[in-house]
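Let me begin by presenting the structure, written as C-alpha cells, before commenting on it.
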Amino acid sequence: MPSSSDPTDRLRAHLRGERDATGRHPPPERIAAYHERRLSPGEADEVRAHLAACPDCTAELLELAALFDEPDDQDDQEDQDDPGSELSRADLDAAWRRQRSRLFPREKVTPLRRAWTAAASLGLAAALLAIVALAQWRTITRLSQPQANPPLVNLEPAGAARQGLPAAPELRLAPEARRVWVILNPVAELDAPGYDVEVIAPDGRTVLRFENLRSSEAGNFRLEIPGSALQDGDSRILLTRKATGGRQVVQEFKLSVRRAPPAAP
Amino acid sequence: MVTRGEEDPGLRLAVEELRAGARVESNSRRIFDLFYPWVRRFFVGRGYTAQDSEDLAQETFDRVFRQIQSFRNESSFKSWLFAVAANLHRNEHRHRHREKRDAPEVSIDAPAGEDARPLDPPSSEAAPDRAAYEKERREALARAMRELPPQMRQVLSLRVDQDLKYREIAAVLQISIETVKAHLFQARQRLRAELGEDFGEWTD
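See the structure below:
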C-alpha cells in the first residue's frame with residue numbers, strides 16, 4: 040500500500056484536486072464536434088482543458104475515437120462488419136415498435152370518453168339510417184302514385200276532315216297538365232326539311248314556334264307542346280316552309296282547348 | 254468501427270425535416286433503421302447483456318429524437334448519436350460501479366493544493382514535524398505544477414491521473430505521440446529540478 044509520502048501518490052492527489060474544479064461537462068454534441076475537429080481553436084482549448092481534468096468526458100471521447108478512427112490492429116477489424124446481419128427484419132421491426140411506443144405514446148382513452156364516443160357514433164349511425172329510410176319511403180310513395188300520361192291529339196288539316204274525325208278536336212286539359220303531345224298529319228306532299236310550326240293562341244298571338252323540322256317517315260310531325268302554351272279556346276297551328284319572299288303556309292290545323300278542373304276522385 | 258465520412262443526403266434531409274418537425278414518424282423510423290443495429294452493437298461490445306443493450310440503445314434514440322430540436326449541426330449527426338450513446342454508457346458504468354470506484358482509493362492520500370478538499374482527515378497520530386513536511390511538499394508541488402505550460406499539464410494529468418496510454422493521450426489532445434512523450438519527459442525534468450529526484454519518478 041502506498042504511503043502518503045509517496046511522491047507519485049502526492050502528484051496524483053494534486054491532479055485529482057484540480058479535477059474537483061472541473062466545470063460543467065460539455066454536451067455530447069460538443070464532444071463529437073471536438074472529435075471531428077470542427078471547433079474553433081478557442082473552443083477546442085476549452086474542451087481540451089476539461090478533458091484533462093474529467094475522466095468521464097475523456098472516456099466518451101475515446102469511445103468515439105475507437106468507433107470512428109482507423110483501428111491499429113486486426114482485432115478491431117471485426118467491428119467493421121455490418122451489424123444488420125445480427126438482427127432480422129422482424130427483430131428490427133419489433134425494436135421499432137417498442138421505440139415508437141416510447142416516442143409517440145398513444146393518448147389514453149378514459150371509460151367515460153369511450154362511452155361518449157360510442158354514443159355519438161350510434162347517434163350518427165341512427166341519423167344516417169333515418170335519412171336513408173325517409174328518402175326510400177318518399178321514392179316508394181311517389182312511384183306508387185298513378186302516373187298520368189300526357190294527352191295526345193291527332194290533328195288533321197283544317198278543312199280536310201276525314202270521316203269520324205272532327206276538324207278541330209276538343210282537348211280537355213287538366214290544370215296540372217304540363218305538356219301535350221300533338222301529331223300533325225299534313226295531307227300536302229312533303230319533301231325537304233326546313234318546316235316551321237307556329238302555335239297561335241285564340242287571341243292571335245304566336246305563343247310558340249318550332250323551327251327547321253323534318254317530317255317523320257310516316258309523313259307527320261310530332262310535337263311536345265307545353266301545357267302553358269295552350270289557352271282556353273281555339274288555337275291555330277300553322278305548318279310553314281321557306282319560300283321566295285317569306286314563309287309559305289303549307290297546312291293549317293286547329294285545336295280546341297277546354298281547360299277543366301281536375302276530376303274529383 | 255463505424256464507417257466515417259460524409260453523411261448521405263437522404264440522412265441529412267431526414268435530420269433536417271425532423272428538426273423542422275416534418276414527417277416525424279417516417280423520418281424517425283428511417284434513422285432508427287439505419288443506426289439501431291450499430292448502436293445496439295456498441296453496447297453489446299461494452300459488455301452489456303443483449304436485453305440491457307437493447308434498452309440502452311432505445312434510451313439513446315429516445316434522447317436523440319427528443320433533443321433533435323437542439324442539435325446544432327456542430328458535429329455530424331452520426332457522431333452526435335454515438336456521443337449520446339457513449340455518454341449513456343459512462344453514466345451507466347458509473348452507476349453500476351459507484352461503490353467499487355469510491356471504496357479503495359479515497360483513504361490512501363490526502364489531496365494537496367489550495368482548491369482541494371481533504372479526502373481523508375489527517376492522522377492525529379502523525380508527528381507534528383512529519384505533517385509540516387508533507388504540507389511543505391504539497392505546496393511546492395502545487396507551485397511547480399502551476400509553472401508548467403497548459404498542454405504539458407494536460408498530458409501529465411491524463412497520464413498520471415487518468416492512466417491513459419500514449420496513443421490515447423494523443424487522441425484526446427489531438428497531438429502526436431511524439432509530442433506526448435516529449436511533454437512527459439520535460440515535465441519529469443522540470444519537476445525533478447524543482448522538487449528533487451523523487452518527484453520525477455512516477456510510474457509510466
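Chains as they are written, first to last, in this note's numbering: chain A, 40 to 304; chain B, 254 to 457.
Just so it is clear, CB atoms sit at the ideal spot from N, CA and C, and this is done for glycine as well.
Residue state for Pro-80/A is assigned as helix, using DSSP reduced to three classes. According to the DSSP assignment, Thr-97/A belongs to the alpha helix (DSSP H) that extends over 94-107. Of all residues in the region 272-283 of chain B, only Glu-278, Ser-281 and Arg-282 place a beta-carbon less than 7 Å from a beta-carbon of chain A. A direct Cα-to-Cα measurement between Val-292/B and Asp-308/B gives close to 11 Å. Nearest to Leu-294/A by C-alpha distance, out of Ala-207/A, Ile-239/A, Thr-149/A and Leu-262/A, is Ala-207/A. Residue contact check for Arg-390/B against chain A: a CB pair falls below 8 Å. By the C-beta density criterion, Pro-262/B is exposed, having fewer than 16 other C-beta atoms within 10 angstroms.
Residue environment: His-74/A is assigned as buried (16 or more neighbouring CB atoms within 10 Å of its CB, all protein chains considered). Arg-217/A is the residue among Arg-217/A, Leu-167/A and Leu-151/A whose C-alpha sits nearest the C-alpha of Ser-267/A. Fewer than three pairs of CB atoms, one per stretch, sit closer than 8 Å, so the region 267-275 of chain B makes no contact with the region 127-142 of chain A. In this structure, the beta-carbon distance from Asp-235/A to Thr-279/A falls below 8 Å. In terms of Cβ geometry, Glu-421/B and Leu-78/A do not form a close pair [threshold 8 Å]. In this structure, DSSP gives Lys-331/B a helical state, which the three-state scheme calls helix.
Residues of chain A with a Cβ closer than 8 Å to the Cβ of Leu-426/B are, in chain order, Arg-87, Leu-90 and Ala-91. Annotated three-state conformation of Arg-141/A is helix, per DSSP. For Arg-128/A and Gly-300/B, the gap between their C-alpha atoms comes out near 24 Å.
Legend: CB atoms of the region 137-152 of chain A lying less than 9 Å from CB atoms of chain B belong to residues Arg-137, Gln-138, Arg-139, Arg-141, Leu-142 and Phe-143. For the 8 Å CB-CB criterion, Arg-51/A and Val-413/B form a contact.
Taking 8 Å as the CB threshold, Pro-67/A lines the interface with chain B. A residue is called buried once 16 or more other Cβ atoms fall within 10 Å of its Cβ, and Gly-284/A, having fewer, is exposed. Straight through space, the alpha carbons of Lys-281/A and Asn-193/A are spaced by roughly 25 Å.
By the CB criterion at 8 Å, Ala-336/B and Glu-85/A fall outside the cutoff. Close to Asp-286/B, with beta-carbon spacing below 8 Å, are these residues of chain A in chain order: Leu-131 and Trp-135. Using beta-carbon distances, Ser-332/B counts as an interface residue toward chain A, with a partner under 8 Å. Taking C-beta atoms as the reference points, Glu-99/A and Ala-339/B count as a pair closer than 8 Å.
Annotation for Lys-388/B: the continuous alpha helix (DSSP H) segment containing it runs 381-400.
For Ile-170/A, there are no C-beta contacts with chain B under 8 Å, since the nearest C-beta of that chain is about 38 Å from it. Leu-151/A and Ser-160/A have their alpha carbons spaced roughly 14 Å apart. In this structure, DSSP gives Gly-263/B a helical state, which the three-state scheme calls helix. With fewer than 16 other Cβ atoms inside 10 Å of its own Cβ, Gly-258/A counts as exposed.
Taking Ile-321/B as reference, the option from Asp-286/B, Arg-351/B, Ala-275/B and Leu-401/B with the minimal CA-CA separation is Ala-275/B. Identification of chain B residues near Pro-94/A by a Cβ-Cβ cut-off of 7 Å yields Gln-415, ordered along the chain.
C-alpha of Gln-311/B to C-alpha of Pro-144/A: approximately 15 Å in a straight line. The alpha carbon of Ala-92/A has as its nearest neighbour, out of Pro-65/A, Phe-107/A and Ala-71/A, the alpha carbon of Pro-65/A.
Here Ile-276/A really is in contact with Leu-223/A; their C-beta atoms are around 7 Å apart, less than 8 Å. Contact of Pro-290/B with chain A is assigned, a C-beta pair being separated by under 8 Å.
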